[in-house]
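Data first, discussion second: the structure below is written as structure tokens.
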Amino acid sequence: GDSVTQTEGQVALSEEDFLTIHCNYSASGYPALFWYVQYPGEGPQFLFRASRDKEKGSSRGFEATYDKGTTSFHLRKASVQESDSAVYYCALGDRDGGYKVVFGSGTRLLVSP
Amino acid sequence: EAAVTQSPRNKVAVTGGKVTLSCNQTNNHNNMYWYRQDTGHGLRLIHYSYGAGSTEKGDIPDGYKASRPSQENFSLILELATPSQTSVYFCASGNSNTEVFFGKGTRLTVV
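Protein sequences appear in the order of chains Z and R. Residue 156 is where the first sequence starts when you use my numbering, and the numbers rise one by one after that. Residue 503 is where the second sequence starts when you use my numbering, and the numbers rise one by one after that.
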């Protein structure tokens with residue numbers, strides 16, 4: 156079945172560091188790919204999406220490019236801030252009977268001043 | 503602003519008891535989802551629905567049932583609750599190919 160793999164469980168950075176969180180997916184169809192962010196005590200919030208090969212999604216300085224060849228959608232940000240500390244989830248959406256949305260295991264980002 | 507409301511927000515249940523978690527959305531979205539969130543596992547899909555009257559099994563459906571009696575409402579039912587079902591449960595809604603919107607979550611403790 157469809158699945159999403161995030162290899163980093165936690166990433167610790169200092170302010171102004173460059174961020175990369177890796178996301179790889181496995182799907183039988185041609186899924187849409189998403190990034191979500193979750194702050195303590197809240198539900199996950201949509202960050203951005205991409206739905207076709209080579210499409211770049213972006214929001215709030217974060218970006219990721221859909222790569223069908225490597226089945227990846229890595230999250231990057233050039234200069235992180237302390238306020239970016241949160242849990243980040245990669246997800247895919249695909250038709251499977253209805254429309255199934257599957258999430259990765261999440262990556263906790265800790266940014267120190 | 504998309505609205506997804508979950509009730510109750512907190513619940514303590516007894517092992518072997520029946521638990522019903524409710525979710526209501528006012529977004530007129532076709533699709534609704536139930537996830538559980540556990541440390542180290544992220545968000546795992548339990549059941550989902552693509553319209554009133556439909557329910558589909560997600561990746562971890564064992565021990566759970568779902569019911570979608572209307573476009574707005576989607577319930578998760580634990581017929582015989584076990585301590586392993588202690589978790590935070592999230593409901594979400596969305597349309598196909600677009601983002602989903604989450605509720606604030608329900609913290610369930612089974613003792």
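Backbone N, C-alpha and C define an ideal beta-carbon position, used for all residues, glycine too. Computed from a prediction, not measured in an experiment: that's the story for all the values here.
Paired residues, beta bridge with ALA167 (chain Z) - DSSP: As computed with DSSP, ALA167 (chain Z) is found in a beta bridge with Z:LEU265.
Inter-residue Cα distance where the pair is TRP536 (chain R) and SER598 (chain R): Here the alpha carbon of TRP536 (chain R) sits roughly 16 angstroms from the alpha carbon of SER598 (chain R).
Neighbour flag for GLU574 (chain R) against chain Z, beta carbons, 7 angstroms: For GLU574 (chain R), the answer is no, since every Cβ of chain Z falls outside 7 angstroms of its Cβ.
C-beta atoms of VAL242 (chain Z) and ARG263 (chain Z) nearer than 7 angstroms: Yes, the Cβ-Cβ distance between VAL242 (chain Z) and ARG263 (chain Z) is below 7 angstroms.
Per DSSP, cross-strand counterpart(s) of THR608 (chain R): Paired residues: R:TYR591.
Short-range partners of chain R found in the segment 193-226 of chain Z, where Cβ spacing is below 7 angstroms: Of all residues in the segment 193-226 of chain Z, only GLU197, GLY198, PRO199, PHE201, ARG204 and SER206 come within less than 7 angstroms of chain R when Cβ atoms are compared, listed by chain position.
Contact with chain Z by VAL521 (chain R), beta-carbon distance below 7 angstroms: It does not: the Cβ of VAL521 (chain R) has no partner Cβ on chain Z nearer than 7 angstroms.
GLU581 (chain R) at chain Z interface by Cβ criterion, 7 angstroms: No, because no Cβ of chain Z sits closer than 7 angstroms to the Cβ of GLU581 (chain R).
Option nearest TYR566 (chain R) by Cα separation, candidates R:ASN575, R:GLY542 and R:ARG538: Considering only alpha carbons, the answer is R:ARG538.
Helix, strand or coil at GLU218 (chain Z) [DSSP, three-state]: Here GLU218 (chain Z) carries a strand assignment [DSSP, helix/strand/coil].
C-alpha gap between VAL257 (chain Z) and PRO268 (chain Z), whole angstroms: Rounded to whole angstroms, the gap between the alpha carbons of VAL257 (chain Z) and PRO268 (chain Z) is 33 angstroms.
Per-residue burial, PHE173 (chain Z) [other beta carbons within 10 Å of its own, 16 or more giving buried]: Exposed: under 16 other Cβ atoms inside 10 Å.
PHE203 (chain Z) beta carbon less than 7 angstroms from that of TYR191 (chain Z): Against a cut-off of 7 angstroms, the Cβ pair of PHE203 (chain Z) and TYR191 (chain Z) comes out as no contact.
Own chain partners of ARG215 (chain Z) with C-beta closer than 8 angstroms, once the 5 adjacent residues on each side are dropped: Shown here for ARG215 (chain Z): same chain residues with a beta carbon closer than 8 angstroms to its own, the five before and five after excluded, namely LEU202 in chain order.
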